[in-house]
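Numbers 2 to 428, taken from my numbering, label the letters of the sequence shown in order. Where is the CB? At the ideal position from N, CA and C, for every residue including glycine.
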Amino acid sequence: MHHFHYIQNRLHCEAVPVADIALDVGTPLYLYSHATLERHFKAFQNAFAAVKPLVCYSAKANSSQAILTLFRQWGGGLDIVSGGELFRGLKAGFISQKVVYSGVGKRADEIDAAISHGILAFNIESMEELNLINARAGELKRRARAAIRVNPDVDPKTHPYISTGLKKTKFGIDIATAVEGYRAAQQMANIEIVGVDCHLGSQITTLEPFEQALAGLKQLVTELRHIGISLQHLDVGGGLGITYKDETPPGIEAYARAVTKVVQETGLQLILEPGRAIVGNAAILVTKVLYRKQTGEKQFVIVDAGMNDLMRPALYKAYHAIEPVEKQSRATIVADVVGPICESSDFLAQDRSMVDVLPGELLAVMGAGAYGFVMSSNYCSRIRAAEVLVKEDRFDLIRQRENLEDLVRGELVPAWVLKAANHMGRQ
Ligand code: LLP
Numbered sequence: 002m003h004h005f006h007y008i009q010n011r012l013h014c015e016a017v018p019v020a021d022i023a024l025d026v027g028t029p030l031y032l033y034s035h036a037t038l039e040r041h042f043k044a045f046q047n048a049f050a051a052v053k054p055l056v057c058y059s060a061k062a063n064s065s066q067a068i069l070t071l072f073r074q075w076g077g078g079l080d081i082v083s084g085g086e087l088f089r090g091l092k093a094g095f096i097s098q099k100v101v102y103s104g105v106g107k108r109a110d111e112i113d114a115a116i117s118h119g120i121l122a123f124n125i126e127s128m129e130e131l132n133l134i135n136a137r138a139g140e141l142k143r144r145a146r147a148a149i150r151v152n153p154d155v156d157p158k159t160h161p162y163i164s165t166g167l168k169k170t171k172f173g174i175d176i177a178t179a180v181e182g183y184r185a186a187q188q189m190a191n192i193e194i195v196g197v198d199c200h201l202g203s204q205i206t207t208l209e210p211f212e213q214a215l216a217g218l219k220q221l222v223t224e225l226r227h228i229g230i231s232l233q234h235l236d237v238g239g240g241l242g243i244t245y246k247d248e249t250p251p252g253i254e255a256y257a258r259a260v261t262k263v264v265q266e267t268g269l270q271l272i273l274e275p276g277r278a279i280v281g282n283a284a285i286l287v288t289k290v291l292y293r294k295q296t297g298e299k300q301f302v303i304v305d306a307g308m309n310d311l312m313r314p315a316l317y318k319a320y321h322a323i324e325p326v327e328k329q330s331r332a333t334i335v336a337d338v339v340g341p342i343c344e345s346s347d348f349l350a351q352d353r354s355m356v357d358v359l360p361g362e363l364l365a366v367m368g369a370g371a372y373g374f375v376m377s378s379n380y381c382s383r384i385r386a387a388e389v390l391v392k393e394d395r396f397d398l399i400r401q402r403e404n405l406e407d408l409v410r411g412e413l414v415p416a417w418v419l420k421a422a423n424h425m426g427r428q
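Here you go:
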């Protein structure tokens, strides 16, 4: 459920016509619905209300300052994977005691920052990392709170690039050896064991993998209790899928029932790390048609957003619905919707059946809120898009479109290179 809908054939975000915003701000443009963000965020809190969860929104899905500030306002915590995300989260006003930190490659300086701020928990991905955190905490004369991220070896049945809970992936500590990990952690002077964590993958569309993993976690918690290691929280990660095309992911209530049952049995505090399920359908990418082109083989709709703006189709062959911003009664065509970048992977849709569009008209790429802007780049020296937040009948710029100077910011030309070049230039 989102708040992008047609009124008299004009696509609106809440009460604002999308075309009006595009006219004002230009394209490409990421457009967010406040009502959708609020609805999805609160759906997590409400569905799990019985166990009073801490919803640690996964910053990697969309780390816009405005959006993070909204989640902070609604009582959220944050799941981070880098010092950069810690910086963003603190800047958006999150208290560090609501921050959990995952990721297999935490650097010492990032670890130091997180220890100094006293985050809620490090999600430990290897014993080597745990040793380093223990050492760094000792150095800083602090104790670091830690949960072991276990790898439950469960197939989440999603795209291989976004599966994380299988043994063959780089993530977590094998659940079979986790008890030993906890024993070792218990001996470490500067580590306080606070929980257990697990994340299976992303865009998961059935309950089964979650249920399997939860059963493993419950067993682990019981085993730990038997040997005198008691935990405070159970972090079940993120991963709940959304509908991009015809997927039928479990509803939040069904997901909550499965999780809540196990949480109640363990008596632990629940932490959730949802990303996509909250922000995925809360935004569209608005793009303008530049050209229509027909080759012997194919029809192309060439637009002003490329793989640098939305990478998911190029990287995962992900499907995003594409809708006209102003509906027209025209013939249906089958076309590739492509960007301006010099790569054949630069497509937003392939062989898509759609209503014909003309240059100058606008298209909306749906479901662009998660892993959209955050994965964008300056490839081909393209400036990154603007972002706008709509609330009812108002809209505000939440990120300025980059400008050409932004492209070279931080670049340095050594004086000797410049001198030699200028000298050559004079010849
Ligand atoms: N927690 C951890 C430890 C994670 O690694 C992730 C996502 C999440 C939570 C949030 O998962 P979500 O609820 O959003 O599924 N770029 C890919 C998705 C990568 C997901 C990485 N980890 C895509 O565009 O589909």
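Please work out which residues of its chain come closer than 6 Å, Cβ to Cβ, to residue i, disregarding the five sequence neighbours upstream and downstream, and give them in chain order.
| i | result |
| --- | --- |
| aspartate 113 | Arg137 |
| glutamate 212 | Ala259 |
| threonine 1 | Not covered by the structure: residue 1. The range shown for the chain is 2 to 428. |
| proline 251 | Leu208 |
| tyrosine 256 | Leu241 |
Based on the DSSP secondary-structure assignment, which residues constitute the bridge partners of residue i?
| i | result |
| --- | --- |
| histidine 234 | Gly196, Gln270 |
| leucine 55 | Ile272 |
| alanine 278 | According to DSSP, alanine 278 bridges with nothing at all. |
| histidine 4 | Answer by DSSP bridge pairing: none, since histidine 4 is not bridged. |
| isoleucine 81 | Tyr102 |
| histidine 13 | His6, Pro18 |
| alanine 1 | Because the chain here runs from 2 to 428, residue 1 falls outside it and cannot be looked at. |
| aspartate 175 | Asn152 |
| glycine 202 | Ser164 |
| leucine 71 | Answer is none; leucine 71 lacks a bridge partner. |
| leucine 241 | Ile205 |
Restricting to Cα atoms, I'd like to know which of the options is closest to residue i.
| i | options | result |
| --- | --- | --- |
| lysine 130 | Gly119, Ala147, Leu141 | Per the sequence shown, the amino acid found at residue 130 is glutamate instead of lysine. Selected option, being the one with the closest Cα: Ala147. |
| arginine 40 | Glu15, Pro325, Glu126 | Glu15 |
| threonine 223 | Leu241, Ala190, Leu269 | Leu269 |
| glutamate 274 | Gln351, Val391, Leu79 | Leu79 |
| aspartate 337 | Ala386, Phe172, His321 | His321 |
| arginine 395 | His3, Ala36, Ile8 | Ala36 |
| glycine 276 | Arg400, Asn282, Ile96, Ser59 | Ser59 |
| tyrosine 162 | Gln351, Gln204, Ser382, Thr70 | Gln204 |
| glutamine 46 | His13, Val19, Ile279 | Ile279 |
| aspartate 397 | Val414, Ser34, Arg11, Gly252 | Ser34 |
| tryptophan 75 | Phe42, Lys318, Leu91 | Phe42 |
| glycine 1 | Cys381, Asn404, Lys246 | The chain is shown from 2 up to 428; residue 1 falls before or after that span and cannot be answered. |
| leucine 404 | His424, Asn379, Glu393 | The sequence shown places asparagine at residue 404, not leucine. Ranking the options by Cα distance to asparagine 404, first place goes to Asn379. |
| proline 341 | Leu141, Lys294, Ile125 | Lys294 |
| valine 264 | Ala365, Lys219, Thr244, Glu298 | Lys219 |
| isoleucine 134 | Trp417, Ala284, Asp110, Val389 | Asp110 |
| histidine 234 | Lys169, Phe123, Ala284 | Phe123 |
| phenylalanine 348 | Leu316, Phe374, Tyr372, Glu254 | Leu316 |
| alanine 319 | Glu298, Arg353, Val287 | Arg353 |
| isoleucine 120 | Ile96, Ser345, Arg108, Lys142 | Ile96 |
| alanine 185 | Asn132, Asp175, Glu298 | Asn132 |
| asparagine 191 | Pro157, Ala145, Phe374 | Ala145 |
| glutamate 1 | Ser117, Pro157, Met128, Asp154 | It is not possible to answer for residue 1, since the shown part of the chain is limited to 2 through 428. |
| leucine 363 | Met425, Thr288, Val389 | Thr288 |
| threonine 296 | Asp175, Val335, Gly182, Ile272 | Val335 |
Which residues in the same chain have their Cβ closer than 8 Å to the Cβ of residue i, if we skip the five residues on either side of it in sequence?
| i | result |
| --- | --- |
| valine 180 | Leu221, Glu224, Leu225, Ile228 |
| valine 82 | Ala60, Lys61, Tyr102, Ser103, Gly104 |
| glutamine 187 | Ile194, Ile230 |
| glycine 242 | Thr159, Ser203, Gln204, Ile205, Thr206, Glu248, Pro250, Arg277, Ala278 |
| phenylalanine 172 | Val105, Glu126, Arg150, Asn152, Thr165, Gly166, His200 |
Here's a check: name, in chain order, each residue in its chain whose Cβ is nearer than 7 Å to the Cβ of residue i, leaving out the five neighbours to either side.
| i | result |
| --- | --- |
| valine 356 | Pro325, Gln329, Arg331, Thr333 |
| alanine 93 | Gln66, Leu69, Thr70, Arg73 |
| tyrosine 292 | Ile303, Pro360 |
| arginine 402 | Gly27, Ile384, Ala386, Ala387 |
| glycine 90 | Ala60, Leu69, Leu79, Ile81, Val100 |
| leucine 12 | Phe5, Val19, Glu324, Val326, Ala365 |
| asparagine 10 | Glu327, Lys328 |
| lysine 169 | none |
Kindly examine the ligand SAH and report whether one of its heavy atoms sits closer than 7 Å to the Cβ of residue i.
| i | result |
| --- | --- |
| threonine 207 | In the structure shown, the ligand SAH is absent; the only ligands present are the ligand LLP. |
* To do: Pair every Cβ in the segment 28-48 with every Cβ in the segment 302-311, then say whether three or more of these pairs are closer than 8 Å.
  => yes
* Write down every uninterrupted run of the beta strand (DSSP E) in the segment 87-173 whose length is 3 residues or greater and which is fully enclosed by it, in chain order. => 100-102, 122-125, 145-152
* To do: Could you pull out every unbroken alpha helix (DSSP H) segment of at least 4 residues lying fully inside the segment 287-373, listed in chain order?
  => 313-317
* Asked: Is the segment 44-56 close to the segment 309-324, with three or more CB pairs under 8 Å?
  -> Below 8 Å, too few C-beta pairs join the segment 44-56 and the segment 309-324 to call them touching: fewer than three.
* To do: For the segment 368-416, list the beta strand (DSSP E) runs that are entirely contained and at least 3 residues long, ordered along the chain.
  => 387-392, 395-400
* Check whether the segment 235-243 touches the segment 195-202, counting contact only when three or more Cβ pairs, one atom from each stretch, lie closer than 8 Å. => Touching, per the Cβ criterion.
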